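What follows is a set of notes on a single structure, which appears directly below.
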Amino acid sequence: MSMWAGVLIASALVYSWKLLGHLVPEKYVSNPNIRSLATLLTVGMLAALVGVQTFTSADGVTFDARAVALLVAAGLFYLRVPFIFVVIAAAAVASLLRLWF
Amino acid sequence: MSNKQESVKAISFGVGFATGVYGISFGALSVAAGLDFWQTMALSLLMFSGGSQFAFVGVIATGAGVIPAVLSAWLLGVRNGFYAIRLAPIISLTGILKPIGAQLTIDESNAVSLSQEPDLKKQREGFWLTGIAVFVFWNLLTAAGALLGSVIGNPADWGLDAAAGAAFLGLIWPRLKESKLLLLAVVSAFTATMLSEFLPAGLPVLLTALVAVAFWLVELVRKNK
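Line by line, the protein sequences are chains Y and C.
Quick note: this note's numbering has the first sequence finishing at residue 264, numbered continuously throughout.
Quick note: this note's numbering has the second sequence finishing at residue 235, numbered continuously throughout.
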């Protein structure tokens, strides 16, 4: 398969998942049990993403500046600091720790 | 939750920019893997799903060939389908907006929408603004990364890798007050992190869908008792 064919076919396949979800008939997606599953899947997979983005590297499971930054972020969210400031603070903590150590 | 007083616009813009910066990494990696500028841009414009895009060029870079790259990207795209099921009744797309909204159905747009529950109008606003912001920044910075390569530097130097985790944590934060969802989040994050020891990038997050399904089945059984 040529690179261009691969790029276009893969893009179409990835798009098909997105579209498929939006084409499920209203009566199914509005069902309270399905709503509940969709929320569980969203929260679970986003939390999984936080775990992987924070605690893994090319070498596998890793504890580094990102773990400290996430802990600081959790503390700031708990103190109800606005979202944007927390995200900036997390980036600053991680980059300063890397600068110092 | 602090988000309630914050403008959805600010959150969407912030998430869009922070995510978009990763376009630099993607553009640089893609060109280094052997794709040309326009193939790289086609992935960001048409595939528009970070996990699938990184998987595609990552497999190409290993020399495994185009077909395995296509299959990895396809498999990793499944989670957007789950997000679409959550979003469909909230944004209720019709006509031409349906295919456009489908393309913008990604981690970030769904997460910002979730953070605005239960306000329907703000959930819609968060979905659209974030989807558009990520699309614009992601594509502009993919182009920059593909043209300039690593000259611009690594997003990790600015701590942006930590910002991504913090942002997703903040977006699910309002829901973590429910003990069931807090437990789900902890179990999912732990499971995915540990699975990363054995599985290639992207698969661990996808597999945690099974954790969510298990929680759901427990909930159904309890309800029917």
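For every residue, glycine included, the Cβ atom is placed at its ideal position computed from N, Cα and C.
Everything numeric in this text was worked out from a predicted model, so none of it was measured.
Rounded to a whole number of angstroms, what is the C-alpha to C-alpha distance between Ile-95 of chain C and Val-192 of chain Y? 6 Å
Range covered by the alpha helix (DSSP H) that runs through Met-208 of chain Y: 195-218
Could one say the Cβ of Arg-89 of chain C lies closer than 8 Å to chain Y's Cβ atoms, at least one of them? yes
Quick check on DSSP: helix, strand or coil for Ala-224 of chain Y? According to the sequence displayed, residue 224 of chain Y carries Val and not Ala. Val-224 of chain Y: strand per DSSP, three-state reduction.
Which of the three DSSP states, helix, strand or coil, is assigned to Thr-115 of chain C? coil
Chain Y partners of Ile-110 of chain C, CB-CB under 7 Å? Going along chain Y, no residue has its Cβ under 7 Å from Ile-110 of chain C, so there is no contact; the nearest lies around 10 Å.
Can you confirm whether the region 153-160 of chain C touches the region 45-62 of chain C when touching is taken to mean that 3 or more C-beta pairs between the two stretches lie within less than 8 Å? yes
Output yes or no for whether 8 Å exceeds the beta carbon distance between Trp-84 of chain C and Ala-168 of chain Y. no
On a Cα-Cα basis, can you pick out the residue from Y:Leu-182, Y:Leu-203, Y:Met-166 and Y:Leu-186 that is closest to Glu-188 of chain C? Y:Leu-203
Anything in the region 153-175 of chain C with a Cβ closer than 9 Å to a Cβ of chain Y? List those residues in chain order, please. Ala-166, Asp-167, Trp-168, Gly-169, Leu-170, Asp-171, Ala-172, Ala-173, Ala-174 and Gly-175
Minimum length 4: unbroken alpha helix (DSSP H) runs contained in the region 28-55 of chain C: 32-43 and 47-52
Under 8 Å from the C-beta of Ala-79 of chain C: neighbouring residues of chain Y: Gly-169 and Ala-173
Report the residue from C:Ala-224, C:Ser-40, C:Gly-91 and C:Lys-19 whose alpha carbon sits nearest the alpha carbon of Ala-185 of chain Y. The displayed chain sequence assigns His, not Ala, to residue 185 of chain Y. That would be C:Gly-91, whose Cα lies nearest to the Cα of His-185 of chain Y.
Contact set between the region 215-242 of chain Y and chain C, restricted to residues whose Cβ is under 7 Å from the partner: Val-215, Gln-216, Thr-217, Phe-218, Thr-219, Gly-223, Val-224, Ala-228, Arg-229, Ala-232, Leu-233, Ala-236, Ala-237 and Phe-240
Do we get a CB-CB distance below 8 Å when we pair Pro-99 of chain C with the residues of chain Y? yes
Could you give the distance in angstroms between the alpha-carbon of Ala-219 of chain C and the alpha-carbon of Ile-116 of chain C? 16 Å
Asn-234 of chain C - containing alpha helix (DSSP H), residue span: From DSSP, Asn-234 of chain C is part of no alpha helix (DSSP H); its letter is neither H nor E.
Inter-residue spacing [alpha-carbon to alpha-carbon] between Glu-229 of chain C and Lys-235 of chain C: Straight-line spacing of the CA atoms in Glu-229 of chain C and Lys-235 of chain C works out to 10 Å.
Alpha carbon of Gly-44 of chain C to alpha carbon of Ile-77 of chain C, nearest angstrom: Approximately 15 Å, taken between the alpha carbons.
Under 6 Å Cβ to Cβ from Gly-141 of chain C, same chain only, skipping five residues before and after it: list those, please. Leu-114 and Ser-119
At the 8 Å Cβ level, is Phe-264 of chain Y part of the contact set with chain C, yes or no? no
Nearest-angstrom Cα separation, counted from Thr-72 of chain C out to Val-41 of chain C: 13 Å
Run through chain Y and tell me which residues come within less than 8 Å of Gln-126 of chain C, C-beta to C-beta. Neighbours of Gln-126 of chain C on chain Y: none; closest Cβ ~11 Å, over 8 Å.
To the nearest whole angstrom, what separates the beta carbons of Leu-170 of chain C and Val-31 of chain C, a pair I think is in contact under 8 Å? 6 Å
Report the option in Y:Thr-217, Y:Arg-198, Y:Leu-200 and Y:Leu-176 whose CA atom is closest to the CA atom of Ala-236 of chain Y. Taking each of Y:Thr-217, Y:Arg-198, Y:Leu-200 and Y:Leu-176 in turn and checking the Cα distance to Ala-236 of chain Y, the smallest one comes out for Y:Thr-217.
Which residues of chain C have a Cβ atom closer than 9 Å to the Cβ of Lys-190 of chain Y, listed in chain order? Per Cβ cutoff of 9 Å: no residues; Lys-190 of chain Y is ~10 Å from chain C at best.
Under the rule that 16 or more other beta-carbon atoms within 10 Å means buried, what is Trp-263 of chain Y, buried or exposed? exposed
Would the beta-carbon of Phe-64 of chain C be found less than 7 Å away from any heavy atom of the ligand GTP? Ligands are entirely absent from the displayed structure, and the ligand GTP is therefore not among its contents.
Using a Cβ cut-off of 8 Å (strictly closer), state whether Ala-28 of chain C contacts chain Y. yes
7 Å CB neighbourhood of Ser-59 of chain C in its chain, flanking five on each side removed: Gly-87, Asn-90 and Ile-116
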